[in-house]
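Asker:
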Amino acid sequence: MKITFLGTRGYIEPSTPRHRFYTAALVEYRGRRVMIDAGKGWEDRWEDVDPEAIVITHAHPDHAFGLREAAPPCPVFASGASWQAMRDFPVPEDQRHTLRPRKVREIAGIGFEPFPVLHSTRAPAVGYRIHAGRAAVFYVPDVVWIHDREEAFAGIRAYIGDGATIKREMIRKDKHSGELIGHSTIAQQLTWCRKEGVERMIVTHCGSDIVGGDERKVGAELRKLAEERGVAVEIAHDGMEKILR
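Residue numbers 150 to 394, in the numbering used here, belong to the letters of the sequence shown in order.
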């Protein structure tokens, strides 16, 4: 399984050549191609990416609003909650496919299992346990908490997680539901990896701590946090490719 990080920038103003495009990824296996997320700006790049299908984590602008601007030339897969938020998007009805929580769906020969996560009440999110051949990863670009984390992380080669903040708290309670919303710190996600025996975290959806700072210094800080937990860490950048077997 090959993962290309098409975009690694969170929903922030700063950008750099390494973190220019909003967070999206391309998963490839045996010549098949599935894109994860299609936020603002991706509507102009469908032909460049050439996916057989698109899966959506949640309906925030940086993850789904490319679909609001133009229908992609392929099927789109998303949760029922995301489709409710995207109900007026110009995706043809016969190209809309609903994914059920914790039900594996084979898309272009690649398995996607959606796990509900806490992040937003207005745009409920999922993370995907993705498996192809012998390799499995968990991909969740925006997250406060992962339901059924033990099952989500079981046997994965890498955890690909939320880079919005390193140690600065970005979690609050929704004033109506009391549900936690926002972003878990990278430090906390590294702790999840340690607890579940995951040896490697790749950071995407990079926030201003990374994009707006000295990435070499930030990388050193993250490696220290990771080493304290017995985990390896790497900051993804636009165009980075990883092959997982």
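Here a beta-carbon is modelled for each residue, glycine too, at the ideal position from N, C-alpha and C. Just so we're clear, the structure is a prediction, and the values are computed from it rather than from any experiment.
So, helix, strand or coil for K322, using DSSP?
Answerer: As a working note, residue 322 is residue 173 in the sequence shown. Strand.
Asker: In the region 355-392, which residue ranges form an unbroken alpha helix (DSSP H) of at least 4 residues, counting only runs that do not cross its ends?
Answerer: Listed in chain order, they are 357-360 and 364-378.
Asker: For E218, report the span of its alpha helix (DSSP H) as first-last.
Answerer: To locate residue 218, count along the sequence shown from 1; it is residue 69. Taken as a continuous stretch (DSSP letters only), the alpha helix (DSSP H) holding E218 covers G215 to E218.
Asker: Comparing the CB of A385 with every heavy atom of the ligand ATP, is any distance shorter than 7 Å?
Answerer: Annotation note on the ligand ATP: not contained in the displayed structure, which lists no ligands.
Asker: Can you look up A174 in the DSSP assignment and give me helix, strand or coil?
Answerer: Here the question's residue 174 lines up with position 25 in the sequence shown. Of the three classes helix, strand and coil, the one that applies to A174 here is strand, per DSSP.
Asker: Quick one: what does DSSP say K151 is sitting in, helix, strand or coil?
Answerer: Walking along the sequence shown from the start, residue 151 turns up at place 2. K151 falls in the strand class under three-state DSSP.
Asker: Distance check for E177 and T153, CA to CA, integer angstroms please.
Answerer: For this step, residue 153 is matched to residue 4 along the sequence shown. For this step, residue 177 is matched to residue 28 along the sequence shown. One C-alpha to the other measures close to 8 Å.
Asker: If F204 sits next to I256, beta carbons under 8 Å apart, how far is it from one beta carbon to the other, in whole angstroms?
Answerer: Position 55 of the sequence shown, counting from 1, holds the residue named residue 204. Position 107 of the sequence shown, counting from 1, holds the residue named residue 256. In the sequence as displayed, the identity of residue 204 is Val instead of Phe. Rounded, the Cβ-Cβ distance is 7 Å, consistent with contact.
Asker: Please state whether the Cβ-Cβ distance between I392 and T353 is less than 8 Å.
Answerer: For the purposes of this step, residue 392 is identified with residue 243 of the sequence shown, where counting begins at 1. For the purposes of this step, residue 353 is identified with residue 204 of the sequence shown, where counting begins at 1. Not closer than 8 Å, so no.
Asker: Hey, is the region 218-235 in contact with the region 162-179, meaning 3+ C-beta pairs nearer than 8 Å?
Answerer: The region 218-235 is not in contact with the region 162-179.
Asker: Among E242, T340 and G331, which one has its Cα closest to the Cα of E377?
Answerer: For the purposes of this step, residue 377 is taken as the residue at position 228 of the sequence shown. Comparing Cα-Cα distances from E377 to each of E242, T340 and G331, the minimum goes to T340.
Asker: Classify V253 as buried or exposed, calling it buried when 16 or more other Cβ atoms lie within 10 Å of its own Cβ.
Answerer: Position 104 of the sequence shown, counting from 1, holds the residue named residue 253. When all chains shown are included, V253 counts as exposed.
Asker: Could you tell me the boundaries of the alpha helix (DSSP H) in which S231 lies?
Answerer: Within the sequence shown, residue 231 is the residue found at index 82, counting from 1. It spans G229 to A234 - the alpha helix (DSSP H) in which S231 sits, taken as one unbroken run.
Asker: Skipping 5 residues on each side, what residues in its chain have a beta carbon closer than 8 Å to that of P273?
Answerer: Indexing the sequence shown from 1 puts residue 273 at position 124. Excluding positions up to five away in sequence, the list reads H207, S228, A230, S231 and P265.
Asker: Output the distance between the C-alpha atoms of I185 and K324, rounded to the nearest integer angstrom.
Answerer: Walking along the sequence shown from the start, residue 185 turns up at place 36. Walking along the sequence shown from the start, residue 324 turns up at place 175. Answer to the nearest angstrom: the Cα atoms are 30 Å apart.
Asker: Does the region 328-345 come close enough to the region 277-288 that 3 or more CB-CB pairs lie under 8 Å?
Answerer: Touching, no.
Asker: Comparing C-alpha positions only, which one of A375, R365, A187 and K322 sits nearest to H268?
Answerer: As a working mapping, residue 268 is identified with position 119 in the sequence shown. Comparing Cα-Cα distances from H268 to each of A375, R365, A187 and K322, the minimum goes to K322.
Asker: Can you find a C-beta in chain C that's less than 8 Å from the C-beta of V266?
Answerer: No chain C appears in the structure shown, which is made up of a single protein chain.
Asker: Based on DSSP bridge pairs, tell me the residues matched to I256.
Answerer: For the purposes of this step, residue 256 is identified with residue 107 of the sequence shown, where counting begins at 1. The partner list for I256 (beta bridge, DSSP) reads I259.
Asker: With the cut-off set at 8 Å, would you say I335 and G312 are in Cβ contact?
Answerer: As a first step, residue 335 is located in the sequence shown; it is residue number 186 there, counting from the start. As a first step, residue 312 is located in the sequence shown; it is residue number 163 there, counting from the start. In this structure, G312 lies closer than 8 Å to I335 by Cβ.
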